Amino acid sequence: EDQVTQSPEALRLQEGESSSLNCSYTVSGLRGLFWYRQDPGKGPEFLFTLYSAGEEKEKERLKATLTKKESFLHITAPKPEDSATYLCAFLDRGSTLGRLYFGRGTQLTVWP
Amino acid sequence: NAGVTQTPKFQVLKTGQSMTLQCAQDMNHEYMSWYRQDPGMGLRLIHYSVGAGITDQGEVPNGYNVSRSTTEDFPLRLLSAAPSQTSVYFCASSYSFIAGNYTFGSGTRLTVV
Numbered sequence: 036e037d038q039v040t041q042s043p044e045a046l047r048l049q050e051g052e053s054s055s056l057n058c059s060y061t062v063s064g065l066r067g068l069f070w071y072r073q074d075p076g077k078g079p080e081f082l083f084t085l086y087s088a089g090e091e092k093e094k095e096r097l098k099a100t101l102t103k104k105e106s107f108l109h110i111t112a113p114k115p116e117d118s119a120t121y122l123c124a125f126l127d128r129g130s131t132l133g134r135l136y137f138g139r140g141t142q143l144t145v146w147p
Numbered sequence: 110n111a112g113v114t115q116t117p118k119f120q121v122l123k124t125g126q127s128m129t130l131q132c133a134q135d136m137n138h139e140y141m142s143w144y145r146q147d148p149g150m151g152l153r154l155i156h157y158s159v160g161a162g163i164t165d166q167g168e169v170p171n172g173y174n175v176s177r178s179t180t181e182d183f184p185l186r187l188l189s190a191a192p193s194q195t196s197v198y199f200c201a202s203s204y205s206f207i208a209g210n211y212t213f214g215s216g217t218r219l220t221v222v
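Taken in order, these protein sequences are the chains called A and B.
Under this note's numbering, think of the first position of the first sequence as 36, with each following residue one higher.
Under this note's numbering, think of the first position of the second sequence as 110, with each following residue one higher.
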């Protein structure tokens with residue numbers, strides 16, 4: 036069965052302390068891997084799409100990478116405003132109608 | 110642009126009552142989805158649509174109905190509310206399911222007592 040697992044469940048970083056979030060997936064054929072950010076009381080906000088192993092995407096202090104079995108969201112010199120829950124999701128190549136499967140998320144807290 | 114608008118933001122229902130959660134988007138997106146989010150469970154797909162008149166079931170469709178008569182609107186109907194349907198519901202839309210860049214609404218927090 037296709038599934039996605041995110042780790043750690045929660046992460047506390049001091050401002051400026053870089054780290055990485057992990058998203059591992061088991062899927063018969065990956066069509067796309069997606070990262071979202073969710074702030075408390077709000078809907079998820081799209082960050083990145085990755086399609087193939089070796090691909091990387093960057094946005095400000097965030098960089099997403101993809102291998103054949105997992106994706107990482109690297110956070111460089113984080114700031115308190117980066118505090119949020121980060122979700123990854125995948126689209127199965129066998130899915131022709133856009134069924135995204137989400138992980139449970141990593142709750143990131145960045146303190147000053 | 111308003112994006113994806115969900116109403117109401119909060120709702121309390123009694124067991125057995127029915128109601129409709131509204132979702133509207135003004136981006137002319139073909140793909141729309143309904144998710145529920147529960148603590149420790151993540152986002153789970155309820156129903157989705159790939160265009161007006163076309164809908165299909167997701168992971169947890171039982172107890173919910175949808176229809177898509179226009180591109181803009183994708184309402185979610187709870188037929189007979191149960192306490193297990195207490196959750197936060199999100200509607201999302203996208204121009205391309207391959208791109209994966211869904212725009213989410215701000216959610217409806219539903220409590221069934």
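Quick reminder that beta carbons are idealized off the backbone N, C-alpha and C, glycines included.
These numbers come from a predicted model, not from an experiment.
Exercise. Since residue 145 of chain A and residue 82 of chain A are thought to touch, with beta carbons under 8 Å apart, how far apart are those beta carbons, to the nearest angstrom?
Worked result: Locating residue 145 of chain A in the first sequence gives position 110, counting from the first residue. Locating residue 82 of chain A in the first sequence gives position 47, counting from the first residue. Not a contact, Cβ separation roughly 16 Å.
Exercise. Can you tell me whether DSSP reads residue 126 of chain B as helix, strand or coil?
Worked result: Here residue 126 of chain B refers to the residue found at position 17 when the second sequence is read from its first residue. The three-state reading of DSSP puts residue 126 of chain B in coil, since its state is none of H, G, I, E or B.
Exercise. So is residue 183 of chain B buried or exposed if we call it buried at 16+ other beta carbons inside 10 Å?
Worked result: Within the second sequence, residue 183 of chain B is the residue found at index 74, counting from 1. Under the 10 Å beta carbon count, residue 183 of chain B is surrounded by 16 or more other beta carbons and is classified as buried.
Exercise. How many angstroms separate the CA atom of residue 172 of chain B from the CA atom of residue 186 of chain B?
Worked result: Taking the second sequence and counting its residues from 1, one reaches residue 172 of chain B at position 63. Taking the second sequence and counting its residues from 1, one reaches residue 186 of chain B at position 77. Rounded to whole angstroms, residue 172 of chain B to residue 186 of chain B spans 8 Å at the Cα level.
For this session: Taking only beta-carbon positions, decide if residue 183 of chain B is within less than 7 Å of chain A.
Result: Counting from 1 along the second sequence, the entry for residue 183 of chain B is found at position 74. No, because no Cβ of chain A sits closer than 7 Å to the Cβ of residue 183 of chain B.
Problem set entry | With 16 other Cβ atoms within 10 Å as the buried cut-off, status of residue 207 of chain B | The residue labelled residue 207 of chain B in the question sits at position 98 within the second sequence. With fewer than 16 Cβ atoms within 10 Å of its Cβ, residue 207 of chain B is classed as exposed.
Exercise. Are the C-beta atoms of residue 213 of chain B and some chain A residue less than 7 Å apart?
Worked result: Taking the first residue of the second sequence as 1, we reach residue 213 of chain B at position 104. So yes, residue 213 of chain B belongs to the interface.
For this session: Would you kindly report the start and end of the unbroken beta strand (DSSP E) that includes residue 127 of chain A?
Result: Taking the first sequence and counting its residues from 1, one reaches residue 127 of chain A at position 92. Per DSSP, residue 127 of chain A belongs to the beta strand (DSSP E) from 119-127.
Exercise. Name the DSSP beta bridge partners of residue 47 of chain A, please?
Worked result: Counted from its first residue, the first sequence places residue 47 of chain A at position 12. Residue 47 of chain A pairs with A:144.
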